[in-house]
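Structure record follows, encoded as structure tokens.
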Amino acid sequence: MQKYDLMVIGGGPGGYDAAERAGEQGLKVVLFEKRALGGVCLNEGCIPTKTFLNSAKFYSHALHGENFGVIAKEVTFDHAKVVKRKKKVVRTLVAGVGMKMKQNNVTVIPKFARITGKADDGFTAEADGEVFAAPKLIIATGSEPVVPPIPGLKEGLESGFVMTSREILDLEKLPGSLVVIGGGVIGLEMACYFATVGVRVTVIEMLDRIAGNTDIDISNTLMKIYMGQGMEFYLSSKVTSVGSGSVTFEKDGSTRTVQADAVLLSAGRRPSTGGIGLETIGVYTERGAIVTDEFMRTNVAGVYAVGDVNGKSMLAHTAYREADVAVNHIAGKKDRMRYNAVPSVIYTNPEVAVVGETEESAKAKGLDVRTVRLPLTYSGRYVAEVDRGEGFCKLVLDKGTNRLLGVHMIGSYVSEIIYGAALMLETELPAEQLKKVIFPHPTVSEIIREALFHA
Numbered sequence: 060m061q062k063y064d065l066m067v068i069g070g071g072p073g074g075y076d077a078a079e080r081a082g083e084q085g086l087k088v089v090l091f092e093k094r095a096l097g098g099v100c101l102n103e104g105c106i107p108t109k110t111f112l113n114s115a116k117f118y119s120h121a122l123h124g125e126n127f128g129v130i131a132k133e134v135t136f137d138h139a140k141v142v143k144r145k146k147k148v149v150r151t152l153v154a155g156v157g158m159k160m161k162q163n164n165v166t167v168i169p170k171f172a173r174i175t176g177k178a179d180d181g182f183t184a185e186a187d188g189e190v191f192a193a194p195k196l197i198i199a200t201g202s203e204p205v206v207p208p209i210p211g212l213k214e215g216l217e218s219g220f221v222m223t224s225r226e227i228l229d230l231e232k233l234p235g236s237l238v239v240i241g242g243g244v245i246g247l248e249m250a251c252y253f254a255t256v257g258v259r260v261t262v263i264e265m266l267d268r269i270a271g272n273t274d275i276d277i278s279n280t281l282m283k284i285y286m287g288q289g290m291e292f293y294l295s296s297k298v299t300s301v302g303s304g305s306v307t308f309e310k311d312g313s314t315r316t317v318q319a320d321a322v323l324l325s326a327g328r329r330p331s332t333g334g335i336g337l338e339t340i341g342v343y344t345e346r347g348a349i350v351t352d353e354f355m356r357t358n359v360a361g362v363y364a365v366g367d368v369n370g371k372s373m374l375a376h377t378a379y380r381e382a383d384v385a386v387n388h389i390a391g392k393k394d395r396m397r398y399n400a401v402p403s404v405i406y407t408n409p410e411v412a413v414v415g416e417t418e419e420s421a422k423a424k425g426l427d428v429r430t431v432r433l434p435l436t437y438s439g440r441y442v443a444e445v446d447r448g449e450g451f452c453k454l455v456l457d458k459g460t461n462r463l464l465g466v467h468m469i470g471s472y473v474s475e476i477i478y479g480a481a482l483m484l485e486t487e488l489p490a491e492q493l494k495k496v497i498f499p500h501p502t503v504s505e506i507i508r509e510a511l512f513h514a
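Structural data, given as structure tokens:
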């Protein structure tokens, strides 16, 4: 039996961050990861999709550079080279995570680990016949794609006609047409990429809007932009079957069929807890997610759960913070997790970046709020560098205290400035105090300042 101070199951953002932080504090750590270090985010999600979208942005700039004095003739797009570059980027970053583990003396076991029970040493786990033990355990097994029970879907996945985000990122040749089942973050980002490089894209969404719980004004604006660029959307639609080269769905009481060369399944993700042995130590779950408190503790003393597996946020940056909180609690340091100011980004073009309450969510909680909406053209930098004016910033404020409750933006660069809004929400200061923050000029971030002065 190999003994450690801490066992971490799962090497995604939450897992490797927890291992790194614990190693920094001198704990003897073992990390189990059955696939590549970095998890879905680094290998099949966040990083690969941003690599794709960046190439698409270069292509779009080349095609539409006339207004900026840049004229490129006979511009072509090589998707195979994009895939090749994506793989190189992923390899580089995976190696970087491995180096972090080595620098902090973390033992990495590249195998599936299953919790086997409690022992005098705390908890035990088995990986490929070897037994490991530690008094503390962090579960960070992530999430997996939801596969709805739609007739023909399983067969489509087996044949390769239907793909999840994992398979489509390795597709060497562009399809002529693509149907995206699900208009959430993953579906929209991939739809944006493929539509930008010339693929006919159709998005079928079960809800009456795209982008989930994103502010309705932003959702409507994003859809309007992409409809103007030729993308088709079917909202309030339920996919009923997947055939060979087609997807059938119901909308407004009628049945419709869309032909396609490929299908992307992006119907959401669910916590991945199957087979890891939670029942051997009695860890509670609700709707498949491990239940945790503000310290990331489960109901079992000494056991923590961070990242997608607890179902709270399902964002890599949330997993990082949860990992820090868990390790700090293990080390006896005062810390706790708050979810009121977790920013979220959709890396479409234009980008969407949000944090805090929407007008809808605030009113649903009984809050009396008001909103301020300002076009991004109030930013000189935005006007100088962006040849369109759909972008805007929307603030949600408490009427009584004038405290900032939410910030919602759509437009170029907003992914890089939303953290400032998150900091403002964390302070819980009224707008009058936040106006004192000095923003560099000219930057798109100044739109937050301008909006505050209109509050």
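In this text, residue positions in the sequence shown follow our numbering: the first is 60, and each later residue adds one. Glycine included, C-beta positions come from ideal geometry on N, C-alpha and C.
Euclidean distance between Cα positions of residue i and residue j
{"i": "residue 301", "j": "residue 218", "result": "12 Å"}
{"i": "residue 380", "j": "residue 326", "result": "26 Å"}
{"i": "residue 329", "j": "residue 131", "result": "44 Å"}
{"i": "residue 78", "j": "residue 427", "result": "43 Å"}
{"i": "residue 180", "j": "residue 160", "result": "24 Å"}
{"i": "residue 183", "j": "residue 176", "result": "6 Å"}
{"i": "residue 323", "j": "residue 435", "result": "33 Å"}
{"i": "residue 260", "j": "residue 238", "result": "6 Å"}
{"i": "residue 229", "j": "residue 374", "result": "22 Å"}
{"i": "residue 303", "j": "residue 111", "result": "27 Å"}
{"i": "residue 144", "j": "residue 406", "result": "19 Å"}
{"i": "residue 507", "j": "residue 431", "result": "11 Å"}
{"i": "residue 509", "j": "residue 437", "result": "7 Å"}
{"i": "residue 488", "j": "residue 94", "result": "44 Å"}
{"i": "residue 76", "j": "residue 226", "result": "26 Å"}
{"i": "residue 403", "j": "residue 60", "result": "42 Å"}
{"i": "residue 209", "j": "residue 362", "result": "37 Å"}
{"i": "residue 416", "j": "residue 308", "result": "33 Å"}
{"i": "residue 365", "j": "residue 194", "result": "17 Å"}
{"i": "residue 457", "j": "residue 272", "result": "20 Å"}
{"i": "residue 474", "j": "residue 320", "result": "32 Å"}
{"i": "residue 215", "j": "residue 394", "result": "47 Å"}
{"i": "residue 334", "j": "residue 71", "result": "18 Å"}
{"i": "residue 331", "j": "residue 346", "result": "11 Å"}
{"i": "residue 424", "j": "residue 459", "result": "15 Å"}
{"i": "residue 265", "j": "residue 297", "result": "5 Å"}
{"i": "residue 388", "j": "residue 439", "result": "45 Å"}
{"i": "residue 483", "j": "residue 493", "result": "7 Å"}
{"i": "residue 171", "j": "residue 306", "result": "36 Å"}
Cβ pair residue i, residue j closer than 8 Å
{"i": "residue 337", "j": "residue 106", "result": "no"}
{"i": "residue 466", "j": "residue 480", "result": "yes"}
{"i": "residue 83", "j": "residue 163", "result": "yes"}
{"i": "residue 191", "j": "residue 63", "result": "yes"}
{"i": "residue 372", "j": "residue 401", "result": "yes"}
{"i": "residue 250", "j": "residue 290", "result": "yes"}
{"i": "residue 469", "j": "residue 280", "result": "yes"}
{"i": "residue 359", "j": "residue 197", "result": "no"}
{"i": "residue 295", "j": "residue 267", "result": "yes"}
{"i": "residue 446", "j": "residue 117", "result": "no"}
{"i": "residue 149", "j": "residue 101", "result": "yes"}
{"i": "residue 284", "j": "residue 449", "result": "yes"}
{"i": "residue 88", "j": "residue 122", "result": "no"}
{"i": "residue 464", "j": "residue 412", "result": "no"}
{"i": "residue 317", "j": "residue 355", "result": "no"}
{"i": "residue 498", "j": "residue 491", "result": "no"}
{"i": "residue 80", "j": "residue 386", "result": "yes"}
Whole-number beta carbon distance between residue j and residue i, since they are thought to touch under 8 Å
{"i": "residue 167", "j": "residue 90", "result": "5 Å"}
{"i": "residue 240", "j": "residue 269", "result": "Going by Cβ atoms, the distance from residue 240 to residue 269 rounds to 13 Å, so no, they are not a contact pair."}
{"i": "residue 205", "j": "residue 212", "result": "That belief does not hold up - the Cβ atoms of residue 205 and residue 212 are roughly 11 Å apart, past 8 Å."}
{"i": "residue 103", "j": "residue 224", "result": "6 Å"}
{"i": "residue 156", "j": "residue 97", "result": "5 Å"}
{"i": "residue 418", "j": "residue 311", "result": "Not quite, the Cβ-Cβ distance comes to about 27 Å (not below 8 Å), so this is no contact."}
{"i": "residue 258", "j": "residue 287", "result": "In fact, because the Cβ distance is near 17 Å, the residues do not count as touching under 8 Å."}
Beta-ladder partner(s) of residue i, from DSSP
{"i": "residue 66", "result": "89, 196"}
{"i": "residue 300", "result": "307"}
{"i": "residue 453", "result": "432, 467"}
{"i": "residue 61", "result": "191"}
{"i": "residue 313", "result": "310"}
{"i": "residue 16", "result": "Nothing in the structure corresponds to residue 16, since the chain is present only between 60 and 514."}
{"i": "residue 288", "result": "Its beta-bridge partners do not exist; DSSP assigns none."}
{"i": "residue 165", "result": "88"}
{"i": "residue 345", "result": "348"}
{"i": "residue 261", "result": "238, 291"}
{"i": "residue 318", "result": "305"}
{"i": "residue 324", "result": "240"}
{"i": "residue 72", "result": "DSSP, once it has assigned bridges, lists no residue as partnering residue 72."}
Below-8 Å beta-carbon distance, residue i vs any chain D residue
{"i": "residue 239", "result": "Chain labels in this structure do not include chain D; a single protein chain is all it has."}
In chain order, which beta strand (DSSP E) runs of at least 3 residues are fully inside the region 174 to 237? Secondary structure remark: continuous beta strand (DSSP E) runs of at least 3 residues inside the region 174 to 237, in chain order: 181 to 186, 189 to 193, 195 to 198, 202 to 204.
Mind pulling the alpha helix (DSSP H) runs of 4 or more residues that sit fully within the region 363 to 423? Within the region 363 to 423, the complete alpha helix (DSSP H) runs of at least 4 residues are 375 to 389, 418 to 423.
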